[in-house]
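**Q** From first to last, the protein sequence lines stand for chains R and E.
At position 2 of the first sequence (counting the first as 1) the number is 2 in the working numbering, and the numbers step up by one without a gap.
Quick note: to get the working numbering, add 1000 to the position in the second sequence (first position is 1).
So that we are looking at the same thing, I have put the structure below in structure tokens.
There are 2 protein chains.
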Amino acid sequence: MATPRRVGAETSETRALLLDRAEELMLEEGYAAVTYRGLASRAGVTGGLVQYYFPVLDDLFVALLQRRSERNIERLQAALELRPDEPLRIVWEFSSDETSAALLTEFIALANHRKTIRAAILDVIKRTRSAQLQVLKQRWDEYPAMDGLSPEALLFLLHGIPKMVLLEEAVGMSSGHRDVLRFVEERLDTLEPRRKPARRP
Amino acid sequence: MATPRRVGAETSETRALLLDRAEELMLEEGYAAVTYRGLASRAGVTGGLVQYYFPVLDDLFVALLQRRSERNIERLQAALELRPDEPLRIVWEFSSDETSAALLTEFIALANHRKTIRAAILDVIKRTRSAQLQVLKQRWDEYPAMDGLSPEALLFLLHGIPKMVLLEEAVGMSSGHRDVLRFVEERLDTLEPRRKPARRP
DNA sequence: GTCTATACGGCGATAGAC
DNA sequence: GTCTATCGCCGTATAGAC
């Protein structure tokens, strides 16, 4: 067997800095721009040092994905505590976040044929969906009949529609987007009436 | 300006062979496996020859995308001629095709930060959607009220939901999929009644 | 624990010979 | 129409200095 490779501590400030810069780089230029040499020069360190913290490049991507995911779930739960009476709208708004969608798209692209990243992204999606589902089910009886739509199916739509809209917009497509968003939001207004008056068109 | 680079004819059989092998390679191992050297060895030629037909690798991807798209639109229109009374279900089934979805995912991933591919994919999506929309609008008056859903919005959903399902399944996620597919299909049965009896659960 | 230096083979792309 | 040589960048591995 090989000599155990030395790896930097997870508590290192340098490591955190590298993750920050890597996330920027990924958003600005895509995952293909996240290279040892490119990230190193952006962070003002050597390529070898980046490798010291992330021996394989996928290690960096997985760490990035998990850090993002933890922050997102915290953000979600903070919103749910603040507005416990409108979980549907919170899920809807949460899935409409552009930065997260852009990063998720990058990761899905990466995951396509790299199994360590696929496993990481599956874990992240499952955890997020599960946190949302828990809240949804809790108030499920208070909603009127859903025409046979299960909580899981509704959650899929509340998550999937904004994501698909953002995915299409990333390539410049926009047909039907405005209409479908308005369609869903009208139904949300029925299910979770707003206190404030609706904005004028 | 640079010297005009020599490029192989589009009618070349070698070129067609390379596109066939490239599509296989892309489906089996992802776009990252489509390299000059890799494709060359799979097709039994040299890397230089692949470059003769596709000077930049993106040229190959764009050619692949366009060839697929033309075949898909032909397939779509053949189905519409065969079953002119159920355009909604045809769009729905068309968007549920796994091979096309897998390739589209690869291309969307590629398009993320490569503008020539983004332009090509936008063109392809617009052409496909436009062909579908034309048929939908033609029979729009025959459908009952859609609760304010425009043809464009309905088309977005009929296309987007199966695509999102396939996208999630590609990473191993499946929560709510069965429910949401059944939900939509029940509505399709109402809008476009089947002649044959429905299958038993 | 942190970090540097160096080497290897594969990659896209170019220029030009047969 | 086909193929070779070459360039600079990539991920990765290793050896060793502080």
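Glycine residues also receive a C-beta, built at the ideal position from the N, C-alpha and C atoms.
Would you say E:Asn1072 faces chain R, with C-beta separation under 8 Å as the test?
**A** No, E:Asn1072 lies away from the interface with chain R (no Cβ there is under 8 Å from its Cβ).
**Q** Would DSSP call E:Ser1095 helix, strand or coil?
**A** DSSP places E:Ser1095 in helix when its eight states are reduced to three.
**Q** Taking a cut of 7 Å between CB atoms, which residues from the stretch 1008 to 1034 of chain E lie near chain R?
**A** Going along the stretch 1008 to 1034 of chain E in chain order, one finds Glu1029, Gly1030 and Ala1032 with a Cβ nearer than 7 Å to chain R.
**Q** What residue from E:Ile1125, E:Lys1163, E:Tyr1052 and E:Glu1070 has the CA that sits closest to E:Glu1098's CA?
**A** Cα-wise, what sits closest to E:Glu1098 is E:Lys1163.
**Q** So what's R:Glu74 in DSSP terms, helix, strand or just coil?
**A** In the structure shown, R:Glu74 sits in a helix (DSSP, three-state: H, G or I).
**Q** Tell me which residues of the stretch 97 to 109 of chain R have at least one Cβ-Cβ distance to chain E shorter than 8 Å, keeping chain order.
**A** Within the stretch 97 to 109 of chain R, the residues whose Cβ lies closer than 8 Å to some Cβ of chain E are Thr105, Glu106, Ile108 and Ala109, listed in chain order.
**Q** Quick check on E:Glu1013: buried or exposed, where buried means 16 or more other Cβ atoms within 10 Å of its Cβ?
**A** That one is exposed.
**Q** Any C-beta of chain E sitting closer than 8 Å to the C-beta of R:Arg194?
**A** No, no contact with chain E.
**Q** Kindly list, in the order they appear in chain E, the residues whose Cβ is closer than 7 Å to that of R:Leu157.
**A** Correct list: Val1180.
**Q** Distance cutoff 8 Å, beta carbons only. Does E:Phe1061 sit that close to anything in chain R?
**A** No - not a single Cβ of chain R is within 8 Å of the one on E:Phe1061.
**Q** By DSSP, does E:Pro1087 sit in helix, in strand, or in coil?
**A** If DSSP states are grouped into helix, strand and coil, E:Pro1087 belongs with the helices.
**Q** What span of residues does the alpha helix (DSSP H) with R:Met146 cover, start to end?
**A** It is not in any alpha helix (DSSP H) - R:Met146 carries neither H nor E in the DSSP assignment.
**Q** Any beta carbon of chain R sitting closer than 8 Å to that of E:Ile1090?
**A** No, E:Ile1090 lies away from the interface with chain R (no Cβ there is under 8 Å from its Cβ).
**Q** Residues in its own chain within less than 8 Å of E:Gln1077 by CB, not counting five upstream and five downstream?
**A** These residues qualify, in order along the chain: Ala1131.
**Q** I believe R:Val180 touches E:Leu1157 by the beta-carbon criterion, under 8 Å. Please report the beta-carbon distance rounded to the nearest angstrom.
**A** Confirmed, about 6 Å.
**Q** Relative to the C-alpha of R:Leu191, which residue among R:Met146, R:His177, R:Arg68 and R:Gly176 is closest?
**A** The candidate whose alpha carbon is nearest that of R:Leu191 is R:Met146.
**Q** Helix, strand or coil, according to DSSP, for R:Glu192 in the structure here?
**A** In the structure shown, R:Glu192 sits in coil (DSSP, three-state: anything other than H, G, I, E or B).
**Q** Identify the continuous alpha helix (DSSP H) that holds R:Tyr31 and give its terminal residues.
**A** Looking at the DSSP string, R:Tyr31 is not in any alpha helix (DSSP H), and its letter there is neither H nor E.
**Q** Please name the residues in the stretch 1135 to 1152 of chain E whose beta-carbon is closer than 7 Å to at least one beta-carbon of chain R, in chain order.
**A** Answer in chain order: Gly1148, Leu1149, Ser1150 and Glu1152.
**Q** Are the CB atoms of E:Asp1058 and E:Arg1114 nearer to each other than 8 Å?
**A** Result yes, Cβ atoms of E:Asp1058 and E:Arg1114 sit closer than 8 Å.
**Q** Please report the straight-line C-alpha distance between R:Thr116 and E:Glu1142, rounded to a whole angstrom.
**A** Each residue's Cα considered, the two are about 50 Å apart.
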